[in-house]
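First the structure, in the form of structure tokens, and then the observations on it.
Protein chains: 2
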Amino acid sequence: MASAVSPISDYLATLYKTLHNNTQGEIATYIPELGLADPSSFGICIATVDGQVYTAGDVDIRFTIQSMSKPFIYGYALQQHGQEKVQKKVGVEPTGESFNSIVLDELTNRPFNPMVNAGAIAVTELVEGDTPERRLTEMVDWFSRFAGRELDIDESVFRSEQATGHRNRAIAYMMLNTGMLERDPEDVLDLYFRQCSLSVDCKDMAVMAATLAAQGVNPLTRERVLAVDNVRDVLTVMSTCGMYDYAGQWAYDVGFPAKSGVSGGVIAVIPGQLGVAVYSPPLDRVGNSVRGVEACKKLSHDFSLHLFDGRTDVHSVIRREYTGAVPSKRVRSAAEREFLAKFGERLNVIEVQGALFFGSAENFLRRLTEIAQDGKTIVVDMKRVAYADRTAIELICQTARALSGRNCELIFTELSENPELERLRRALDERVCPETGFSRLDDTDIAIEQFEDAILEEAEMRRNDRIIPLDEIDIFNGLSSDDLRTLSAAVTTFQFDAGQKIINEGDDARIFFVVGRGSVSIWVNVDGRRPRRIGSVGQGGPFGEMALLDGGKRSADVIADVPVICYGFSVDGIREISVDSPTIMTTILGNLVRIMSDRLRLANDEIRALQ
Amino acid sequence: MASAVSPISDYLATLYKTLHNNTQGEIATYIPELGLADPSSFGICIATVDGQVYTAGDVDIRFTIQSMSKPFIYGYALQQHGQEKVQKKVGVEPTGESFNSIVLDELTNRPFNPMVNAGAIAVTELVEGDTPERRLTEMVDWFSRFAGRELDIDESVFRSEQATGHRNRAIAYMMLNTGMLERDPEDVLDLYFRQCSLSVDCKDMAVMAATLAAQGVNPLTRERVLAVDNVRDVLTVMSTCGMYDYAGQWAYDVGFPAKSGVSGGVIAVIPGQLGVAVYSPPLDRVGNSVRGVEACKKLSHDFSLHLFDGRTDVHSVIRREYTGAVPSKRVRSAAEREFLAKFGERLNVIEVQGALFFGSAENFLRRLTEIAQDGKTIVVDMKRVAYADRTAIELICQTARALSGRNCELIFTELSENPELERLRRALDERVCPETGFSRLDDTDIAIEQFEDAILEEAEMRRNDRIIPLDEIDIFNGLSSDDLRTLSAAVTTFQFDAGQKIINEGDDARIFFVVGRGSVSIWVNVDGRRPRRIGSVGQGGPFGEMALLDGGKRSADVIADVPVICYGFSVDGIREISVDSPTIMTTILGNLVRIMSDRLRLANDEIRALQ
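Chains L and G supply the protein sequences, listed in that same order.
The opening residue of the first sequence carries number 2 in the working numbering; numbering runs sequentially from there.
The opening residue of the second sequence carries number 2 in the working numbering; numbering runs sequentially from there.
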């Protein structure tokens, strides 16, 4: 759906008007049907890699695909038969000769490339199927997958091609003679002529081009039509041989792969960005649409679409880095926090983002290698990685293996939810973690929490073998032993199993809790999405403390991480006590302000680190 | 500085070993000096766009630059004389002929392209300077800027070139004959031979190539040597004409621009990522280094460096979006917060990141157009934009102008600190803001704050015409009128000028404040960097409240935004009062817990939104 406001639609409208005035060129007449085209017909269409379509002019007029079929059928051959077999049938060298040249490469007998008729005919022979009907279905289906709709054949153009295609017949028989063609030439030509007679409009062709731009995935149907390596080969041949003569000048002036057809269409591919299709029947003397060529030149210049208009950005691969000074979301006692603060520098979190390929992977791995020093724990957070190509995966695995020689720990996190990272995930799980002892976790916060727990356990700060007594609990700091005795009369001890829900979001808040042993996690439910763990509370930490301030509702679920023992204080009970011992309430509230101010400072630190 | 652990160094070491075994090819002997090279010499060097250098083998051996000088001197000509003038002197068409061909384009008399000797000689004539000495200095200086060090000329090779360069002499005189050369051919040839005799090593050449990869900026010296548009033209000609014959096969197998020299060097450019240089004297029959060609093939394949190995990622251009539900950092009263919460949906913040070019700009602007509906305020935060090319700037300006027809407000923020965004900044300030009424602010938080203030003022929630009375202040909620009377006896009223410092980080905390009128900002100093504004407090909001809990030190500076009136409560005073009226302290502390819990919830919301 095009937006009402779009500088791109406006631009195309202006481009249409400007180029419509250019009436140079002649309509192809070598078959009578093509001669019937209206020379003033003119349409421009752009399709983005995510399926946005911009149009100007006559984008619904049907025309036959003609030579614009060549890159796609070449892609078919590569996908079905592999590069090696296809390269025996057809080369990849541009030729100064015209598109319907009969010349073959003298050394190999191959047609020079698949963008000239000889090469395209050789490639069409590779369409699979036992019978001509099956091969026809196979071919039409292939093109339809690129267009995202069922294409059909313009029968009158086909019959005209068949009746007048003597030169192509000569080419086919010459290839039969040299052994390059193995099947009945009439049969191959029949399929070839039908292929050239596929009926399309500008939007179809833009979507087909955009499928190449989107690395082989149709932007409308989201179907993967062509494998990534085959897309590369198709685009290469389009770029060197797509526009007949003037390969050098085309690369200089326009600088993106394109292919024209004698019916007046031109398609162009701007990899990673968009597909372009132009339809305008009048052709220049080498057989390219005059307005089509002009439109490509203008688009390339005005939108900086030349391949060598630099847009590779390897520097923003590291989204941010922070240390253990940004703690996990676990609520810990002041003593624990203070102790952990001394070890903040032992943890680094490095967040990686965007596309991982050689340059960006090199950049981030160099930094990883720099910080992965002795005694360090490094969390590599990949939540915002768009994809990792095979080179990036290889470099990551090799670097990780090399770093296993150092006394450091690597933890890769947040790879689970992105299907594009499936291969990297598998590589880490199968080829890195087992042999290095490094690990992969779903959640960065849990990785940080585990790092902290390990430090506390090493220092025997965490005592899972006992229940913390009241006088060691931060929130009761400063209470006299009398006060503590009074308080302990009002306490109830609760036991919860791992996974048990202790507090329900929305319930009335009547009890406030302190973790006596174990830990609990706090979960919130965000509009129907799966619950999010927003923090956790360890030994000695309070939760549900807002109950102290006249009730209200619980704002989150609290669930036991492990078997947990909690102290529960009924708010009514504490209020009663406070009548006789007012300092109990003031002290607890004062401590609460301190704890919260502490948490707020941590939260602000985290916000600052996140920005 | 190479890291000890690097899969890339390891890879190059292996590549070196593998290819060293390949002893095919012959050393060039057309001038005697080249014949002296050691056929077993072999070095590989990679330089990244940020100046990291990886090496293997004999990277310190000196050799002469020869034809690898051609792309750089072509770049010189483009930069000094412009594309139009240069195109009159030399074409851009690849030719099947060999590098020392005497053939010129019959139509134009031009050499076919600047990568063959004829073209390079024509280009060398364009070196500026009144005298041969000045032209020599100009030329050597030009190359030195690419290498990042002062280069010199191998005099013995130069003399040998001069003595035996009959074929080049023939080419030059033929061009003099057709009028393509205008100066004394001997003079031009002298400079050309010296240029070919520049003495370099593998690292020099890798850095020179990396300068082209980095869009013309030398990665070591950070000097911009070649303008972006000229880099594009140089790379185009390298890609179509750089490796003599087999342009098609080279594009297919390797797929990045490269240039070889008869001394046995090959350079390659992977735009946006790296420069590669290989030195190995034995040449194949078309004059390219055998090991150099193999190394390029392996590197392209093993590191997915082919131009059409997709790595353009237009989707991660939007870093995140959030609404006014994430409020500004201003501390506001509960009533204000509650009121503002109703209007959260009227504000959208959209954070843009990475490189802005056609595809990524289209993506983000489409989203912007979608959300920029009637009555909306949209903050476009550009803090993490790496750069914006001219197309992106144009599209942003046009979209903004088009959106000015809607009843919405656009605010562009966070562009000030990135020098790469200078042009975008100027375009917005000069061409967008004046005519649309949209604005540009340095700070996103201030933009959000202004949005909130406007809503409150519209609703007359903010009363800058009076001082808020004690009984409307959140922190005193629930106090009886007796309590309030008692409290007001302990209050002091302070007046501060705009910009005046109210609290100093590190001072003893003895007074807690409430803003009576105006607003104050909270600033922290982070290790020597410029102070950061982390929040602000509006009318009725408390600050310095931690003083209530037995002193400690101030944790931040507080500065008046505007002329401010504050209530100040001496902590000792309140303590004294509390002896007789204990509920004053409990109530204030309870309110404080509520306020802090509120702030904490906001902070957690923000953290969630930031992730």
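The beta-carbon is built from N, C-alpha and C at its ideal position, and this holds for glycine as well.
Taking C-beta atoms under 8 Å as the contact rule, G/A387 and G/T414 fail to qualify, at a distance of about 17 Å. For L/E27, the pairing in a beta bridge is given by DSSP as L/L284. Taking 7 Å as the CB threshold, L/H167 stays off the interface with chain G. The C-beta of G/Q399 has 16 or more other C-beta atoms within 10 Å across all chains shown, which makes the residue buried. Bounds of the alpha helix (DSSP H) holding G/A252 are 248 to 254. Between L/S301 and L/R292, the C-beta spacing is not below 7 Å. When CB distances to chain L are screened at a threshold of 7 Å, the residues of the segment 390 to 423 of chain G falling below it are D390, R391, T392, L396, Q399, T400, A403, L404, in chain order.
As DSSP reads the structure, L/T313 sits in no beta bridge. Under the Cβ criterion of 7 Å, G/T313 is counted among the residues facing chain L.
At the C-beta level, L/D390 and G/S305 come within 7 Å of one another. By the Cβ neighbour-count rule, G/V563 is exposed, with fewer than 16 other Cβ atoms within 10 Å of its own.
Taking 7 Å as the CB threshold, L/G500 stays off the interface with chain G. For the C-beta of G/I560, not a single chain L residue is nearer than 9 Å; the gap to the nearest is close to 18 Å.
Per DSSP, the beta bridge partners of L/Q354 are L/R385. Annotation: G/A342 to G/A326 spans about 6 Å, alpha carbon to alpha carbon.
For the set L/M116, L/A214, L/I32, L/V279, the Cα lying nearest the Cα of L/S42 is the one of L/V279. Counting along the chain, L/S440 sits inside the beta strand (DSSP E) bounded by residues 440 to 442.
Within the segment 355 to 429 of chain G, the complete alpha helix (DSSP H) segments at least 4 residues long are 359 to 372, 391 to 404, 423 to 428, listed from N- to C-terminus. Taking the Cα of G/F570 as reference, the smallest distance to any Cα among G/A561, G/I585, G/D558, G/I560 is reached at G/I585. Under DSSP, G/G569 takes part in a beta bridge, and its partners are G/T493, G/F514.
The Cβ atoms of G/A401 and G/L416 do not sit closer than 7 Å to each other. With respect to the 7 Å criterion, G/A173 and G/L127 are not classified as neighbours on the basis of their beta carbons. Residue-level contact check: L/H82 does not touch chain G, since none of the beta carbons of chain G fall below 7 Å from its beta carbon. When C-beta distances to chain G are compared with 8 Å, the residues of the segment 27 to 60 of chain L below that value are T49, V50, D51, Q53, in chain order. In the three-state reduction of the DSSP assignment, L/P95 falls in the coil class, being assigned neither a helical nor a strand state. Its Cα nearest to that of G/A490, the residue G/L471 stands out among G/N505, G/G52, G/L471. Within the segment 565 to 595 of chain G, contact with chain L at the beta-carbon level (separation under 7 Å) is assigned to P583, M586, T587, L590, G591, L593, V594, R595. Boundaries of the alpha helix (DSSP H) harbouring G/K204: 203 to 214, taken from the DSSP string. Listed along chain L are Q274, F304, S305, L306, D310, G311, R312, each with a C-beta nearer than 9 Å to that of G/F358.
Any Cβ of chain G closer than 7 Å to the Cβ of L/P95 would place that residue at the interface, and such an atom is present.
For the pair G/A604 and L/A335, the CB atoms are not nearer than the 7 Å cut-off. In the displayed model, L/L127 falls within coil according to three-state DSSP, outside both helix and strand.
Collapsing the DSSP output to three states places L/S41 in coil. Just so you know, the alpha carbons of L/S579 and L/I476 end up roughly 16 Å apart. Distance from the CA of G/E546 to the CA of L/L601, rounded to the nearest whole angstrom, comes to 13 Å. Shown here, G/V294 sits in a helix according to DSSP, grouped into three states.
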